[in-house]
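Please read the structure below before turning to the comments.
Number of protein chains: 2
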Amino acid sequence: MKRSDRLVAMTSFLIEHPMELISLPHFSDKYGAAKSSISEDLAIIHRMFEQNGTGYLQSISGAAGGVKFIPQTNDTYSSKFIDHLCKELEDPSRILPGGYLFMSDVLGNPATVRNIGRLFASKFADLEIDSIITVATKGIPLAYGVASFLNVPVIIVRRDPKVTEGSTVSINYVSGSSKKIQTMVLSKRSIKEGENVCIIDDFMKAGGTINGMKSLLEEFQANVKAIGVLAEAEDEEEDRVVDQYVSLLQIKNVDAANGKIEVVKGNYFND
Amino acid sequence: MKRSDRLVAMTSFLIEHPMELISLPHFSDKYGAAKSSISEDLAIIHRMFEQNGTGYLQSISGAAGGVKFIPQTNDTYSSKFIDHLCKELEDPSRILPGGYLFMSDVLGNPATVRNIGRLFASKFADLEIDSIITVATKGIPLAYGVASFLNVPVIIVRRDPKVTEGSTVSINYVSGSSKKIQTMVLSKRSIKEGENVCIIDDFMKAGGTINGMKSLLEEFQANVKAIGVLAEAEDEEEDRVVDQYVSLLQIKNVDAANGKIEVVKGNYFND
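Chains A and B, in that order, give the protein sequences. Just so you know, we're using this note's numbering here: the first sequence kicks off at 1 and counts up by one. Just so you know, we're using this note's numbering here: the second sequence kicks off at 1001 and counts up by one.
See below:
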């Protein structure tokens, strides 16, 4: 196979298999090329991925070695994307009765969801995450967005047990803002003891839901390695029960009377 | 930019932008290359995409023309993937009380979900689908899988209205197998009149839920252009209220007493 053909094939293969260790012999067998040619191809792909903010190729040497595509956006790209999201959410027609924001269209756009996933995955790529957890319903697309880049399973917490989940563990928790007692249910076979878990959700007010997921994960003796939320509300900061998290957006102010919303960058770029 | 560099950049760009018309000048500006060079690059990418079952590049000529990446798997690939899924589901430890199957791990695997999406998208690529609809919870990942290849939004039907959905349209429907009356709710601003919609769900027994979505879509005067389900149950066929659908799998027999499950290919390859 010619270099030009190989580059197309290897680029698509690597993009489809993020975080997966691919041995050089695998590539040289697949494309009928010497290992030295494959190494040169990989160097080109690595350089272009870095240049375009797609990520980079990590080389692991030794007999069990190979190459891993690590998704990694650059700050220019992330910053531009977040700015764009802020603008999109500041559209006054999003204001719903009670000062809530309509966001389902944003969460329904697969390209947006993929980009949100890309940003969180970039941030969490070196934490050795084993799985992504979220609570039904709105967090699910975002969780898959992150999972598709980290190449780990998604686990969905539910509000009520379903027969198709098999035996479950359930907890009661107090929601942060409304102080109501709520329930969360997780299938028993979904998480193994000692797993490194990343919590993803669309929106955080006081953080009660995320805190509930943390308590549930304690029952499974799993480690919460990272928390990512698309948007956080500003006004609840003093009561917040969760402190270590990464947010892309902060909804600073929803002024329903004057039809104005202020959305700014979250803490993604802090530190 | 050199051809080798361009091929990597253009391959990743096209994979990230399926079904999107990209003008040749866009590429020649972006990569500082003559249109003739870009055309040669695209010919290489087209050939490799076809060869690997990734899809193909559709050229649209004229002033408003350009190139579109159409995801399209080949039958060898699809067949191998479906066989693998059948095997995975025949694992007897999946049997739950009542003869239900535990499938959350399969639906939680982002690579599996992406492949399922790829298969349905291949089948529905020329139907000019405007959006994908599904009902919370389990169909959501699959709907995003399909949507990410067709590059259209996902719309989620809920069982109860949520304040964050704004005003909604709700219908009551009779579930196919249990004959119980159930409710479905859809945000009013989610679908426009005349839209071409594709229904995606994880599992179909008698088809009551899918029929419910069809009735709901009638309220919006939307056209149901395609229905895709991951798995259908065999034993309900005579009572089935939905007839035009594509299924990847058919669960033929769950023998809880002897710990045996039989899963075969669905109607995906028929016609």
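C-beta: ideal position from N, C-alpha, C; glycine also. As the structure is a prediction and not an experimental result, all values here were calculated from the model.
Quick one: Cα of residue i to Cα of residue j, how far?
i                  : j                  : result
PHE1203 of chain B : VAL106 of chain A  : 27 Å
VAL1254 of chain B : VAL1246 of chain B : 21 Å
VAL169 of chain A  : SER175 of chain A  : 18 Å
SER37 of chain A   : GLY1053 of chain B : 24 Å
THR1073 of chain B : ASP1130 of chain B : 21 Å
GLU234 of chain A  : VAL263 of chain A  : 10 Å
GLU1195 of chain B : ASP1126 of chain B : 15 Å
VAL1113 of chain B : MET1103 of chain B : 12 Å
ASP1279 of chain B : MET1048 of chain B : Nothing about residue 1279 of chain B can be reported from this structure: the residues present for chain B run from 1001 to 1271 only.
GLY166 of chain A  : ALA222 of chain A  : 20 Å
GLU1232 of chain B : MET1019 of chain B : 29 Å
ARG1094 of chain B : ALA64 of chain A   : 33 Å
PHE69 of chain A   : VAL146 of chain A  : 15 Å
PHE1220 of chain B : ILE1227 of chain B : 17 Å
CYS198 of chain A  : LEU230 of chain A  : 14 Å
ILE1155 of chain B : THR11 of chain A   : 31 Å
TYR173 of chain A  : LYS180 of chain A  : 8 Å
LYS1192 of chain B : ILE1133 of chain B : 13 Å
GLN244 of chain A  : ASN267 of chain A  : 10 Å
ALA33 of chain A   : SER1078 of chain B : 27 Å
ASP1201 of chain B : PHE1120 of chain B : 11 Å
ILE1210 of chain B : TYR1144 of chain B : 17 Å
SER1059 of chain B : ILE82 of chain A   : 33 Å
HIS1017 of chain B : TYR1056 of chain B : 13 Å
ALA1257 of chain B : GLY1207 of chain B : 26 Å
LEU96 of chain A   : GLU1128 of chain B : 32 Å
LYS80 of chain A   : MET1001 of chain B : 24 Å
Quick one: grab the DSSP three-state call for residue i.
i                  : result
GLN1051 of chain B : helix
GLU1016 of chain B : helix
PHE120 of chain A  : helix
SER1061 of chain B : coil
THR168 of chain A  : strand
GLU1195 of chain B : coil
THR1183 of chain B : strand
ALA1035 of chain B : Checking the sequence shown, residue 1035 of chain B turns out to be Lys, not Ala. If DSSP states are grouped into helix, strand and coil, LYS1035 of chain B belongs with the helices.
ILE133 of chain A  : strand
TYR56 of chain A   : strand
PRO161 of chain A  : coil
TYR173 of chain A  : strand
MET1010 of chain B : helix
LEU42 of chain A   : helix
ASP1005 of chain B : helix
VAL154 of chain A  : strand
What distance in whole Å lies between the Cβ atoms of residue j and residue i, which are believed to be in contact at a cut-off of 8 Å?
i                  : j                  : result
LYS205 of chain A  : CYS86 of chain A   : Their Cβ separation, rounded to whole angstroms, is 19 Å, which puts LYS205 of chain A and CYS86 of chain A out of contact at 8 Å.
VAL1241 of chain B : LEU7 of chain A    : Actually they are not in contact, since the Cβ atoms of VAL1241 of chain B and LEU7 of chain A sit about 50 Å apart, beyond 8 Å.
PRO71 of chain A   : SER122 of chain A  : 6 Å
LEU89 of chain A   : LEU248 of chain A  : That belief does not hold up - the Cβ atoms of LEU89 of chain A and LEU248 of chain A are roughly 11 Å apart, past 8 Å.
ARG3 of chain A    : SER1004 of chain B : 6 Å
GLY1117 of chain B : PHE1149 of chain B : 6 Å
GLY66 of chain A   : LEU21 of chain A   : 5 Å
ILE261 of chain A  : LEU42 of chain A   : Not quite, the Cβ-Cβ distance comes to about 46 Å (not below 8 Å), so this is no contact.
ILE251 of chain A  : GLY212 of chain A  : Going by Cβ atoms, the distance from ILE251 of chain A to GLY212 of chain A rounds to 21 Å, so no, they are not a contact pair.
ASN115 of chain A  : ALA1111 of chain B : With 8 Å as the limit, ASN115 of chain A and ALA1111 of chain B do not qualify as a contact, their Cβ atoms being about 19 Å apart.
In the DSSP assignment, the beta strand (DSSP E) including residue i goes from what residue to what residue?
i                  : result
ASP1255 of chain B : 1246-1255
ALA147 of chain A  : Looking at the DSSP string, ALA147 of chain A is not in any beta strand (DSSP E); the run it does join, the alpha helix (DSSP H), is 139-150.
LEU1230 of chain B : 1223-1233
LYS1260 of chain B : 1260-1265
PRO71 of chain A   : 66-71
Let's see if you can read the secondary structure: which residues bound the alpha helix (DSSP H) around residue i?
i                  : result
SER104 of chain A  : 104-108
GLU219 of chain A  : 208-219
SER79 of chain A   : 75-89
SER1028 of chain B : 1024-1031
Taking 7 Å as the line, does the beta carbon of residue i fall inside it for any heavy atom of the ligand GTP?
i                : result
ILE15 of chain A : In terms of ligand content, the structure shown is empty, and the ligand GTP therefore cannot be addressed.
For the pair the region 211-228 of chain A and the region 177-185 of chain A, tell me if three or more CB-CB distances fall below 8 Å. yes
If we count Cβ pairs, one from each stretch, closer than 8 Å, do we get three or more for the region 140-152 of chain A versus the region 1134-1148 of chain B? yes
May I ask you to verify whether the region 1155-1162 of chain B touches the region 1096-1112 of chain B, counting CB pairs closer than 8 Å and requiring at least 3? no
Assess, as a yes-or-no matter, whether the region 33-50 of chain A is touched by the region 9-25 of chain A under the definition of 3 or more beta carbon pairs within less than 8 Å. These segments touch.
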